[in-house]
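J.: One structure follows; several queries about it will come next.
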Amino acid sequence: MKPDLKQIQVPIEAEMAQFEHKFRDFMKSKVKLLDHITNYIVKRKGKQMRPMFVFLTAGIFGKINESTHRGAALIELLHTASLVHDDVVDDANYRRGFFSVNALWKNKIAVLVGDYLLSRGLLLSVEYGDFHLLRIVSNAVREMSEGELLQSYKARKLDVDEEVYYEIIRQKTASLIASCCAVGASSVQEDAEVIERMRLFGEKVGLAFQIKDDLFDYGDEEIGKPVGIDIKEKKMTLPLIYALRNADWLTKKKIIYLIRNRSEDKKAVNEVIAFVKKSGGLEYAKEKMDGFYQEALAILEEFPESVFRNSLKDLVTYTIDRKK
């Protein structure tokens, strides 16, 4: 039977319940409007998978403590700030099916809210001297920004090969999950080698997670993400990269033309999707995703078995088997 989030959370049920209250406290402000907006954000948070990665990793290597909670909050604060800013950059009106902050309160307020959340995360670490955690998370935020910029630059040229694709998703997505696992380990012990192994574990999970997300673009599952949205945004994902690499010159030229000039045309997008499916792009991407998944599990197997390790393994499986 496939694991569900409720079962996965069992070893850290108390910690997750505490975290909800602690996170709200960390976001509090003396400004009424700010409290109103942050309360709106908290109420609409997703599955809380990032704190789960932090707490389960910490549980494997020691006793979950206040530093673990602050590390999880730091990641959530900086990540939430980046999402608020992303919605402004993308001019997005929705986030997880709800109105985005910029849609309700306009861009100026949204940017300032993002800045506030960023400063709360930094101050939280400075106040308690969690500089080792701040270093891990700040590095992830830098990588996320670089990954987004690299993807934007490459979208203009449409010249992403497989190596560049892995670098983009490593920075954009995998760096955050990697930081969750590194923070979890670092909050309960000081062994640099263990922390690095868990960082690498999280990176492998993040790579597999993003490839799974890219596969959704081809409509294999009933999901919230619109089919073809990556093609519309001229994002070169692994199924498409593989299909183009194995296409003849004329077909490649035609597909590139459709993406560059007709990505707003539903018929053209469907043609690109059909081309990728026919070329075996989905099967190739699934194979690569499974490779990263197996590499992540192999790293996890290096450490002693426990309820935390078992749940973390189930959480990895959940991220790969998810339908949305």
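Mapping the sequence shown onto my numbering, position 47 (from 1) lands on 47, and the numbers just tick up by one.
Don't be surprised by glycine CBs; every beta carbon is placed ideally from N, CA and C.
If you're wondering where the values come from, they're calculated on a predicted model, not measured in any experiment.
#1: Would Ile-255 pass as a contact of Val-269 if the rule is Cβ separation under 7 angstroms?
#2: Below 8 angstroms on the Cβ atoms is my contact criterion, and I expect Met-353 with Ser-82 to pass it. Report the Cβ-Cβ distance as a whole number of Å.
#3: Please classify Asn-102: is it buried, with 16 or more other beta-carbons within 10 angstroms of its beta-carbon, or exposed?
#4: CB-CB under 7 angstroms to Phe-275, same chain, minus the five flanking residues each way: which ones, in chain order?
#5: Whether or not the region 168–188 and the region 200–208 are in contact is what I'm after, with contact meaning three or more pairs of Cβ atoms, one per stretch, closer than 8 angstroms; do they touch?
#6: Figure out for me which residue from Asp-314, Val-307, Leu-149 has the closest Cα to the Cα of Ala-296.
#7: Please return the same chain residues whose Cβ sits closer than 6 angstroms to the Cβ of Ser-311, not counting the five positions on each side in sequence.
#8: What is the DSSP secondary structure of Phe-275, reduced to helix, strand or coil?
#9: Hey, Phe-26 and Ala-72 are a contact pair by Cβ (cut 8 angstroms); roughly how many whole angstroms apart?
#10: Could you tell me the boundaries of the alpha helix (DSSP H) in which Ser-82 lies?
#11: Looking only at its own chain, which residues have a Cβ that is under 7 angstroms from the Cβ of Thr-249, when we skip the five neighbours before and after it?
#12: What do you get for Tyr-153, buried or exposed, if any count of 16 or more other CB atoms within 10 angstroms of its CB means buried?
#13: Got a sec, what are the start and stop residues for the alpha helix (DSSP H) Phe-306 sits in?
#14: Determine the contact status of Ser-263 and Lys-234, defining contact as a CB-CB distance below 7 angstroms.
#15: So Val-183 and Val-54 are in contact, right, with Cβ under 8 angstroms, and what is the actual spacing, rounded?
#16: May I ask you to check if the CB of Gln-210 is nearer than 6 angstroms to at least one heavy atom of the ligand FAD?
#17: Please go through the same chain and pick out, in chain order, the residues whose beta-carbon is closer than 7 angstroms to the beta-carbon of Arg-137, but skip the five residues on each side of it.
#18: Between His-21, Lys-22, Lys-32, Met-52, which lies nearest to Asp-4 when the distance is taken from Cα to Cα?
#19: If we require 4 or more residues per run, which alpha helix (DSSP H) segments fall completely within the region 163–238?
#20: If we count the other Cβ atoms within 10 Å of its Cβ and call it buried at 16 or more, is Ile-329 buried or exposed?
#21: For Lys-28, which residues of its own chain have a beta-carbon under 7 angstroms away from its beta-carbon, when the five flanking residues on both sides are left out?
#22: Out of curiosity, what's the CA-to-CA distance linking Leu-158 and Val-164?
#23: What are the start and end residues of the alpha helix (DSSP H) that includes Arg-50?
#24: So, helix, strand or coil for Lys-108, using DSSP?
#25: Nearest by alpha-carbon distance to Ile-60: which of Ala-185, Glu-13, Asn-139 is it?
#26: The alpha helix (DSSP H) with Val-137 in it runs from where to where?
T.: According to the structure shown:
#1: Between Ile-255 and Val-269, the CB-CB gap reaches or exceeds 7 angstroms.
#2: The structure shown does not extend to residue 353, since the chain is modelled only from 1 to 324, so the question has no answer here.
#3: Burial of Asn-102 is indicated by the presence of at least 16 other C-beta atoms within 10 angstroms of its C-beta.
#4: Closer than 7 angstroms at Cβ, skipping near neighbours: Ala-243, Ile-255.
#5: The region 200–208 vs the region 168–188: in contact.
#6: With distances taken between Cα atoms, Ala-296 lies closest to Asp-314.
#7: In the same chain as Ser-311, and ignoring 5 residues on each side of it, the C-beta atoms closer than 6 angstroms to its own belong to Ile-8, Pro-11, Leu-56, in chain order.
#8: Three-state DSSP puts Phe-275 in a helix.
#9: Actually they are not in contact, since the Cβ atoms of Phe-26 and Ala-72 sit about 10 angstroms apart, beyond 8 angstroms.
#10: Per DSSP, Ser-82 is one residue of the alpha helix (DSSP H) stretching across 66–89.
#11: It is Trp, not Thr, that sits at residue 249 in the sequence shown. Excluding positions up to five away in sequence, the list is empty.
#12: By the neighbour-count criterion, in which 16 or more other beta carbons inside 10 Å mark a residue as buried, Tyr-153 falls on the exposed side.
#13: For clarity, residue 306 is Ser in the given sequence; the question names Phe instead. Neither: Ser-306 is in no alpha helix (DSSP H) and is coded neither H nor E.
#14: Contact flag set, yes.
#15: Yes, they are in contact, since the Cβ atoms of Val-183 and Val-54 sit about 6 angstroms apart, within 8 angstroms.
#16: The ligand content of the structure shown is nil, which means the ligand FAD is not present either.
#17: In the sequence as displayed, the identity of residue 137 is Val instead of Arg. Hits under 7 angstroms: Leu-74, Ile-75, Leu-78, Ser-179, Val-183.
#18: The shortest Cα separation from Asp-4 among His-21, Lys-22, Lys-32, Met-52 belongs to Met-52.
#19: List check, alpha helix (DSSP H) in window: 175–186, 192–216, 229–232.
#20: Here the chain comprises residues numbered 1 to 324, so residue 329 is not present and cannot be evaluated.
#21: By the criterion of a C-beta distance shorter than 7 angstroms, Lys-28 is surrounded in its chain by Asp-35, once the five residues flanking it on both sides are discounted.
#22: Each residue's Cα considered, the two are about 11 angstroms apart.
#23: Per DSSP, Arg-50 belongs to the alpha helix (DSSP H) from 49–61.
#24: For Lys-108, the three-state secondary structure derived from DSSP is helix.
#25: Selected option, being the one with the closest Cα: Ala-185.
#26: Per DSSP, Val-137 is one residue of the alpha helix (DSSP H) stretching across 131–157.
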